[in-house]
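**Student:** I have a structure I would like to understand better, so I am pasting it below and will then ask my questions one at a time.
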Amino acid sequence: MKFVVITPTYNENENIKKTVEALQKVFKTMPSHEFHILVTDGNSPDGTANSVRELIKQDSNLHLLVEKEKRGLGAAYKDAMNFAFETMKADVVITFDADLSHDPKVIPSFVKYFEEGENYVCGTRYKKGGGIPKEWGIHRKLLSSLGNLYVRTIYFGSGLTDFTSGYKAFNKKVYDVIKDKIGSHGGYTFAISSNLECIRNGFKAVEVPYHFTEREFGKSKMGTEYFFKAFAFVTKARIADFINSRFGKVFIGGGAGALSQLIFYGLIFYPLIEVSNIFSLPTNIEVYGFILHPQFLLSQLLGIEVGVAVSFLINNHWAFGDKKLEGLMFFRRYIKNNFVVSGAILIQLFIGQVLILSFGFGLFRNYLYQIVGILFGLIWNFYFYKKIIWKVK
Numbered sequence: 001m002k003f004v005v006i007t008p009t010y011n012e013n014e015n016i017k018k019t020v021e022a023l024q025k026v027f028k029t030m031p032s033h034e035f036h037i038l039v040t041d042g043n044s045p046d047g048t049a050n051s052v053r054e055l056i057k058q059d060s061n062l063h064l065l066v067e068k069e070k071r072g073l074g075a076a077y078k079d080a081m082n083f084a085f086e087t088m089k090a091d092v093v094i095t096f097d098a099d100l101s102h103d104p105k106v107i108p109s110f111v112k113y114f115e116e117g118e119n120y121v122c123g124t125r126y127k128k129g130g131g132i133p134k135e136w137g138i139h140r141k142l143l144s145s146l147g148n149l150y151v152r153t154i155y156f157g158s159g160l161t162d163f164t165s166g167y168k169a170f171n172k173k174v175y176d177v178i179k180d181k182i183g184s185h186g187g188y189t190f191a192i193s194s195n196l197e198c199i200r201n202g203f204k205a206v207e208v209p210y211h212f213t214e215r216e217f218g219k220s221k222m223g224t225e226y227f228f229k230a231f232a233f234v235t236k237a238r239i240a241d242f243i244n245s246r247f248g249k250v251f252i253g254g255g256a257g258a259l260s261q262l263i264f265y266g267l268i269f270y271p272l273i274e275v276s277n278i279f280s281l282p283t284n285i286e287v288y289g290f291i292l293h294p295q296f297l298l299s300q301l302l303g304i305e306v307g308v309a310v311s312f313l314i315n316n317h318w319a320f321g322d323k324k325l326e327g328l329m330f331f332r333r334y335i336k337n338n339f340v341v342s343g344a345i346l347i348q349l350f351i352g353q354v355l356i357l358s359f360g361f362g363l364f365r366n367y368l369y370q371i372v373g374i375l376f377g378l379i380w381n382f383y384f385y386k387k388i389i390w391k392v393k
């Protein structure tokens, strides 16, 4: 296989020779594969590109791209990856920091996984065998660990332990899917976005532990502002993922139905049935020793039916738009839907009666009782919507 190690540089003249030598040394341990180094320089004023040109004279597998101006880490990586896959015909690219903060000795572990057929391998500092520099200040340790913990928490179940890792490798299959979504980011945001897009698009992450090393020369270009940009990016991404997920859409549809239920209850059914008592219903009745409140029961039930209708319409057109029901099937499934959600309806009615018995009547309290019931009923509805109404596996 052909592997291209991409290392972006900006004012890395003091580090680049040592980095190239360290990589070449590791490459020699894997003669069955073809390895190249692609340096993409952001027009460094310290002469980094010239140093690379001198090294190219003795290393035929070393290549250089120079940007006309520094455009950010994401743009640099995207241009380099395009060049690696399209021009150099790479099978796999490996992203690597020019200051040797990434340990080149773990590259053979990356290669091994691709030999076994993996598409995406990510270095991790937060598994056994990995680590961060002891000499880091407390603020940088907190930024790294808390930032990573935040992403892992809101993307639990992803399989990644180090979302902010910039040390990773993937093949062209992965790159073709994520390339249009990662080029505009820099710093922590680029590291997170490239990992996140792999996960979002269904690629399984295989992790390799490594010790992150503090650079020997120069200064880190990763300021605190990158952390806050990354925080905003991840938060927006998670909200977008939720809204675009089927559960998120059902949740919103259920919310619209719940709001409709509460509005109709407060403006129509409560005044007519519980205040004016147009049906002359008793306030309380006893059934097998259990006290029921018919006025609230009826007004709540009618409000629920309004909510069910609104939710069904929204789910049919949006959450399950790919399985949209029309014509006679729409009406048949609507009737079926009422039977399916009867469990959630009974949950709401039961909770409402229990809470009234415990805490008494009142418009505000009645609203709260219904909201509690709605939340419990949502889980029931989502499961049976998928399995019975729109039949999604």
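Note that UniProt numbering gives residue 181 to position 181 of the sequence shown, counting from 1, and the numbers run on in steps of one. Note that the Cβ used here is the ideal one computed from N, Cα and C, for glycine as well.
Hey, which unbroken runs of the beta strand (DSSP E) at 3 residues or more fall wholly within the region 90 to 167?
**Tutor:** List check, beta strand (DSSP E) in window: 92 to 95 and 120 to 124.
**Student:** If you draw a straight line from the C-alpha of I94 to the C-alpha of E116, how long is it?
**Tutor:** Cα-Cα distance, rounded: 17 Å.
**Student:** Inspect the beta-carbon positions of N11 and D59 and report whether they are closer than 8 Å.
**Tutor:** Contact flag unset, no.
**Student:** To which residues does DSSP link K2 through a beta bridge?
**Tutor:** DSSP, once it has assigned bridges, lists E34 as partnering K2.
**Student:** Counting only the same chain and skipping the five closest in sequence on each side, list residues whose C-beta sits under 8 Å from that of H317.
**Tutor:** So the list reads K324, once near-sequence residues are dropped.
**Student:** How is P8 classed by DSSP in three states: helix, strand or coil?
**Tutor:** Looking at P8 - three-state DSSP - the assignment turns out to be strand.
**Student:** With respect to the beta strand (DSSP E) encompassing L328, which residues constitute its N-terminal and C-terminal limits?
**Tutor:** L328 -> not in any beta strand (DSSP E); alpha helix (DSSP H) instead, spanning G327 to V340.
**Student:** If I follow the unbroken beta strand (DSSP E) through L292, where does it start and stop?
**Tutor:** First-last of the beta strand (DSSP E) with L292: F290 to L292.
**Student:** Under 8 Å between the Cβ atoms of T40 and F96?
**Tutor:** It is not a contact, given that the beta carbons lie outside the stated cut-off.
**Student:** Can you give me the Cβ contacts of E54 inside the same chain, cut-off strictly under 8 Å, excluding the 5 residues immediately before and after it?
**Tutor:** Around E54: no qualifying Cβ.
**Student:** If you pair each beta-carbon of the region 278 to 287 with each one of the region 332 to 347, do three or more pairs fall below 8 Å?
**Tutor:** Too few Cβ pairs lie closer than 8 Å, so no.
**Student:** Relative to the C-alpha of T48, which residue among P271, L301, A319 and N15 is closest?
**Tutor:** If we check each option's Cα against that of T48, N15 comes out closest.
**Student:** Taking V372 as the reference, give the member of V4, Q353 and H293 with the closest Cα.
**Tutor:** Ranking V4, Q353 and H293 by Cα distance to V372 puts Q353 first.
**Student:** Does the region 166 to 184 come into contact with the region 81 to 95, if we say contact requires no fewer than three beta-carbon pairs (one atom in each stretch) closer than 8 Å?
**Tutor:** Yes: at least three Cβ pairs fall under 8 Å.
**Student:** Note down the Cα distance separating R200 from H211, rounded to an integer number of angstroms.
**Tutor:** Approximately 27 Å, taken between the alpha carbons.
**Student:** Since G131 and V106 should fall inside the 8 Å C-beta cutoff, what is the C-beta to C-beta distance between them, to a whole number of angstroms?
**Tutor:** Actually they are not in contact, since the Cβ atoms of G131 and V106 sit about 12 Å apart, beyond 8 Å.
**Student:** Taking all protein chains shown into account, decide if G137 is buried (16 or more other Cβ within 10 angstroms of its Cβ) or exposed.
**Tutor:** By the neighbour-count rule (16 or more Cβ atoms within 10 Å), G137 is not buried but exposed.
**Student:** Is the Cβ-Cβ distance between N277 and Q295 less than 8 Å?
**Tutor:** Yes, the pair counts as a contact, with Cβ atoms nearer than the cut-off.
**Student:** To the nearest whole angstrom, what separates the beta carbons of S311 and A237, a pair I think is in contact under 8 Å?
**Tutor:** About 27 Å; that fails the 8 Å criterion.
**Student:** Determine the burial state of T378: buried for a count of at least 16 other Cβ atoms within 10 Å of its Cβ, exposed for fewer.
**Tutor:** It should be pointed out that residue 378 corresponds to Leu in this sequence rather than to Thr. Answer is buried; the Cβ neighbour count reaches 16.
**Student:** Quick check on this structure: which residue in E118, D180 and N244 has the alpha carbon closest to the alpha carbon of M1?
**Tutor:** Nearest of E118, D180 and N244 to M1, Cα basis: E118.
**Student:** Quick check on the DSSP output: the alpha helix (DSSP H) that includes E21 runs from which residue to which?
**Tutor:** Taken as a continuous stretch (DSSP letters only), the alpha helix (DSSP H) holding E21 covers N13 to F27.
**Student:** Report the partner residues of A169 according to the DSSP bridge assignment.
**Tutor:** In DSSP, A169 forms a bridge with I94 and V121.
**Student:** So, are the CB atoms of K78 and K179 less than 8 Å apart?
**Tutor:** Yes, they are a contact pair.
**Student:** Run through DSSP, which three-state label would I285 get?
**Tutor:** Three-state DSSP puts I285 in a strand.
**Student:** Residues in the same chain with beta-carbon distance under 7 Å from G159, minus the five sequence neighbours each way, listed in chain order, please.
**Tutor:** Only K204 and A205 meet the Cβ criterion.
**Student:** What does DSSP give as the partner residue(s) for V310 in the beta ladder?
**Tutor:** DSSP lists no partner for V310.
**Student:** Do T189 and K128 come within 8 Å of each other at the CB atom, strictly closer than that value?
**Tutor:** For K128 and T189, no; Cβs fall outside 8 Å.
**Student:** Below 8 Å, can you find three or more Cβ-Cβ pairs linking the region 238 to 245 to the region 359 to 371?
**Tutor:** No, they do not touch.
**Student:** Let me check understanding here. Comparing Cα to Cα, which of A80, I182 and P271 lies closest to S299?
**Tutor:** That would be P271, whose Cα lies nearest to the Cα of S299.
**Student:** Does the beta-carbon distance from V4 to H36 come in below 8 Å?
**Tutor:** Result yes, Cβ atoms of V4 and H36 sit closer than 8 Å.
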